[in-house]
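Report on the structure given below.
Number of protein chains: 2
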Amino acid sequence: MALLVQKFGGTAVGDPDRIRAVADHVARGVRSGDGVVVVVSAMGRETDDLLRLADGVSSARPGREMDMLITAGERKAMALLCMAIHEAGVPADSFTGSQAGFLTDTNHMNARILEVRPDRIRAALDEGRVPVVGGSQGVSTDNDVTFLGRGGSDTTAVALAHAIGADACELYTDVTGVFTADPRIVPAARRLSRISFDELLEMTATGCPKPSMRSVEYARAHRVRLHVRSAFTWQEGTWVEEEVPDMEQAIVSAVTHDLSEAKMTIAGVPDRPGVAARVFRALADLEVSVDMIVQNTSDHGVTDISFTVPHDELDRCLALVGELVAELGAAGVSSDTGIARVSVIGAGMRTNPGVAASMFETLSDLGINIQMISTSAIRVSCMVDADRVEEAVQALHGAFGLAEV
Amino acid sequence: MALLVQKFGGTAVGDPDRIRAVADHVARGVRSGDGVVVVVSAMGRETDDLLRLADGVSSARPGREMDMLITAGERKAMALLCMAIHEAGVPADSFTGSQAGFLTDTNHMNARILEVRPDRIRAALDEGRVPVVGGSQGVSTDNDVTFLGRGGSDTTAVALAHAIGADACELYTDVTGVFTADPRIVPAARRLSRISFDELLEMTATGCPKPSMRSVEYARAHRVRLHVRSAFTWQEGTWVEEEVPDMEQAIVSAVTHDLSEAKMTIAGVPDRPGVAARVFRALADLEVSVDMIVQNTSDHGVTDISFTVPHDELDRCLALVGELVAELGAAGVSSDTGIARVSVIGAGMRTNPGVAASMFETLSDLGINIQMISTSAIRVSCMVDADRVEEAVQALHGAFGLAEV
């Protein structure tokens, strides 16, 4: 008798067989008495296919047209899933982002949700019909179709769950939940039965690919309970909820890793106020997400500044910083793409000092050099050589006893 | 300095190379000073692919969801074409059927246009931008996405040309115009430089595949000048206009043929009033297009009724008529799928008797048996054995001198 939003990712609806399996699951939920609202992504690799088509005709990728193009993928998936739910004996209606009431800003390719007015969704539910909503889309204040960005379907699902007051938002994907580490690297990795919003947010920020970080932020801000689970086995997955203060916290809950960043170093920077501000304002104006900023102690009035940027932004960033080097009076700029970040995350870290020390010891025992370090209240991250990151993840997973139940 | 609607069919935009070629053509028109509005179909075989996907998940094909699904094809094409027109240096905006102002009834899969309110199209033109409209789609009076049916993009183009008062509607396709016969069968077939609405309407009703009959009807009713031409060679094609009364009419303009119909015969029908009405009302209720109805002279108070129905409706029709046979007191019902229709069409026929006789003589000389005959003021059609239809078309094309200029 719960009201649920169920979101299905691209692999969950990758072909007609998968779509029928998902439809059967939705129909089972409805028959058991639940109210179900479905959110669906584009099928399989469809979004990539559409982007490739766009590259075939356009170098500029005009935003309004890109959004019109890409959202066609979710429309296809939602119409097909709706037909399959009909076929499973349950009435269902598809809704575009616009029809579902997602009003966004005009920032094409990466629109932000301004408001959700789920009137048609509520009306469909009241009539006993399953609303099937196209993920990652809305209509802008200029009345144009907008796309919320890659991974935006998770955000659609969470925002809709909040707007209709759902009891939970189920994110169905191709893994069975959130794991203590990537199971492809650590075979002993264990599925977590529950995790806090804060921990999952740190995990998604440091390499855990699903759910999207933005959707976890939205869920955390609006206290929407998430259930990350498999669209293939349908078994219980990982619940994401607020921390229960009186519960015993695991000191470390998970080890994550991330190979998507490159390191930039500006060498011989004069150690005077305003230099860092100048560099990072310029990068911010490029809309680049800079992370792990490290400034060495000043030596004879000059210092080095290192930071990480996404791999695919590196060329733009090197060009920009290259221009700034003369203005700053720095010696030069260099980059390193052979790096990886490994992080340990756990809410229990707040009250248990020594996690960082244990982490450094573990890496040191393996002879793995730590190039950069950053920390938050519930996370410690180290930048290491990319070639050794899998070893590091495996060793840390063992060292913190994550395989044990 | 003309205001033109340019419609591009699926093969014209079948891949990124084709889309760029079309965009260059549109840009050339705009640079030469024309006002251009573009209507585009789904790419290549995309609509067939979408229908196949639907069959993979649904036996019922619910109309609302089918329309949501199929119209995704035109959205893709219009967004890509728009990007390519941008790339060619001309600003362009894509519009869905809804955004372009196509209000339709709620008859999904085959919606009728109720009204066209091209406000956003006019506004884009006024700003010097090229509107690119998704073909064959609209929004229903229930605020749902609707599809105008296969071949509906031609109708979208003609209706839009009428609504904005365009000087002409150019239908770009994979053939260079309207021919005196199918060039695949008659190598000597000649492209017509002009043809009347009435003649083209008869041609499309009897097997000429392009443009769609519905679009020709719309153009004829609203006097929208059509130009059927090639999206591959860009040469002048066939103009479709009103007849000029004082012009010398060709007695026969074209020979068409059609293999898409099957013949049904109800044998031993009591010859009394109301029998034909009972049969054809029942078929009309199935929404079957019945054609070429022939009733033989009564012999001893019973008669045979023969008529043609589309091949893909034959099973449904046989089932229905089978049920009626007892009620009517008829002897039985039979069908023949090995038939084809060959037709000669010409506005000059109105004032030149003897065309039918010449046609029958030509077929008789070849020993081709005529199974059924139907005529209009500007057309004579004969049903013949499907195996001999190519021979019949070739002979008639020669007999009426259509290869000569």
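Chains R and G supply the protein sequences, listed in that same order.
All residue numbers for the first sequence refer to this note's numbering, where the first residue is 24 and numbers rise by one.
All residue numbers for the second sequence refer to this note's numbering, where the first residue is 24 and numbers rise by one.
Yeah, the Cβ is synthetic: ideal placement off N, Cα and C, and Gly gets one too.
Practice task
Leaving out five residues on either side along the sequence, give the residues of the same chain with a beta carbon under 6 Å from the beta carbon of Gly-291 (chain G).
Solution key: Val-325, Ala-353, Ala-354
Problem - Assigned exposure category for Val-69 (chain R) - 16 Cβ within 10 Å defines buried - result: Checking the displayed sequence, the identity of residue 69 (chain R) turns out to be Glu instead of Val. Buried, since its Cβ has 16 or more Cβ neighbours within 10 Å.
Handout entry: Cutoff 6 Å; reference Thr-47 (chain R); Cβ partners in own chain excluding five residues on either side
Key = The question names Thr, but residue 47 (chain R) in the sequence shown is Asp. Cβ neighbours of Asp-47 (chain R) beyond the five flanking positions: Ala-111.
Practice task
In the DSSP assignment, find the beta strand (DSSP E) that holds Gly-58 (chain R) and state where it starts and stops.
Solution key: 58 to 63
Practice task
Answer yes or no: do Asp-314 (chain G) and Glu-284 (chain G) have a C-beta to C-beta separation smaller than 8 Å?
Solution key: yes
Practice task
Closer than 8 Å by beta-carbon distance: list the chain R residues that pair up with His-109 (chain G), in chain order.
Solution key: Ser-81, Ala-83, Pro-85, Glu-88
Problem - For Thr-34 (chain R) and Asp-221 (chain R), believed in contact at Cβ under 8 Å, the rounded distance - result: Their Cβ separation, rounded to whole angstroms, is 28 Å, which puts Asp-221 (chain R) and Thr-34 (chain R) out of contact at 8 Å.
Exercise for the section: Measure the alpha-carbon distance for Asp-165 (chain G) versus Gln-122 (chain R) and round it to whole angstroms. Expected result: 12 Å
Practice task
Sort out for me which residues DSSP pairs Pro-154 (chain G) with in a bridge.
Solution key: G:Asp-116
Exercise for the section: Go ahead and pull the three-state DSSP assignment for Cys-231 (chain R). Expected result: coil
Problem - 9 Å Cβ cut-off: residues of chain G touching Arg-217 (chain R) - result: Those within 9 Å of Arg-217 (chain R) in chain G number zero; the least Cβ separation is about 35 Å.
Handout entry: Assigned exposure category for Glu-259 (chain R) - 16 Cβ within 10 Å defines buried
Key = exposed
Handout entry: Proximal chain G residues relative to Glu-39 (chain R), where beta-carbon distance stays under 8 Å
Key = The amino acid occupying residue 39 (chain R) in the given sequence is Pro; Glu does not appear at that position. Chain G residues near Pro-39 (chain R): Leu-76, Gly-79, Val-80.
Handout entry: The alpha helix (DSSP H) enclosing Val-412 (chain R), as first and last residue numbers
Key = 412 to 422
Practice task
Leaving aside the five residues before and after Gly-230 (chain G) along the sequence, list all residues of the same chain whose C-beta is less than 6 Å from its C-beta, in chain order.
Solution key: Thr-279, His-280, Asp-281
Exercise for the section: Flag Ala-102 (chain G) as yes if its beta-carbon sits less than 8 Å from any beta-carbon of chain R, otherwise no. Expected result: yes
Problem - Segments assigned alpha helix (DSSP H), at least 4 residues, entirely inside the region 216 to 262 of chain G - result: 220 to 228, 236 to 245
Handout entry: Cross-strand partners of Val-168 (chain G) (DSSP beta bridge)
Key = G:Val-162
Practice task
Report all residues from its chain with a CB closer than 6 Å to the CB of Leu-306 (chain G); omit the five preceding and five following residues, and keep chain order.
Solution key: Val-313
Problem - Simplified DSSP state of Glu-193 (chain R), which is helix, strand or coil - result: strand
Exercise for the section: In the DSSP assignment, find the unbroken alpha helix (DSSP H) run with Met-287 (chain R) in it and report its ends. Expected result: Per DSSP, Met-287 (chain R) belongs to no alpha helix (DSSP H); it is in the beta strand (DSSP E), 284 to 293.
Practice task
Rounded to whole angstroms, what's the CA-CA distance from Ala-422 (chain R) to Arg-145 (chain R)? Just pull it up for me.
Solution key: 50 Å
Exercise for the section: Work out the CA separation of Glu-310 (chain G) and Thr-227 (chain R) for me, nearest whole Å. Expected result: 56 Å
Practice task
Report buried or exposed for Asp-90 (chain G), applying the criterion of at least 16 other Cβ atoms within 10 angstroms of its Cβ.
Solution key: buried
Handout entry: Any C-beta of chain G under 8 Å from that of Ile-144 (chain R)
Key = no
Handout entry: Rounded C-alpha distance that separates Ser-253 (chain G) from Ile-218 (chain G)
Key = 17 Å
Practice task
Using a threshold of 8 Å, state whether the C-beta atoms of Thr-256 (chain R) and Thr-199 (chain R) are closer than that.
Solution key: yes
Exercise for the section: Would you kindly work out how many angstroms separate the C-alpha atoms of Ile-274 (chain R) and Asn-375 (chain R), rounded to a whole number? Expected result: 7 Å
Exercise for the section: Closer than 8 Å, Cβ to Cβ, to anything on chain G: give me those residues from the region 47 to 74 of chain R, in chain order. Expected result: Leu-73
Practice task
Assign Ala-416 (chain G) to one of two classes, buried (16 or more other C-beta atoms within 10 Å of its C-beta) or exposed (fewer than that).
Solution key: Correcting the residue identity first, residue 416 (chain G) is Val in this sequence and not Ala. By the neighbour-count rule (16 or more Cβ atoms within 10 Å), Val-416 (chain G) is buried.
Problem - Cα-Cα separation, Leu-341 (chain R) to Gly-361 (chain R) - result: 16 Å
Practice task
Reducing DSSP to helix, strand and coil, say where Leu-126 (chain G) ends up.
Solution key: strand
Problem - Proximity of Val-63 (chain R) and Leu-27 (chain R) at Cβ, strictly below 8 Å - result: no
Exercise for the section: Tell me, please, whether the CB atom of Asp-116 (chain R) is closer than 8 Å to any CB atom in chain G? Expected result: yes
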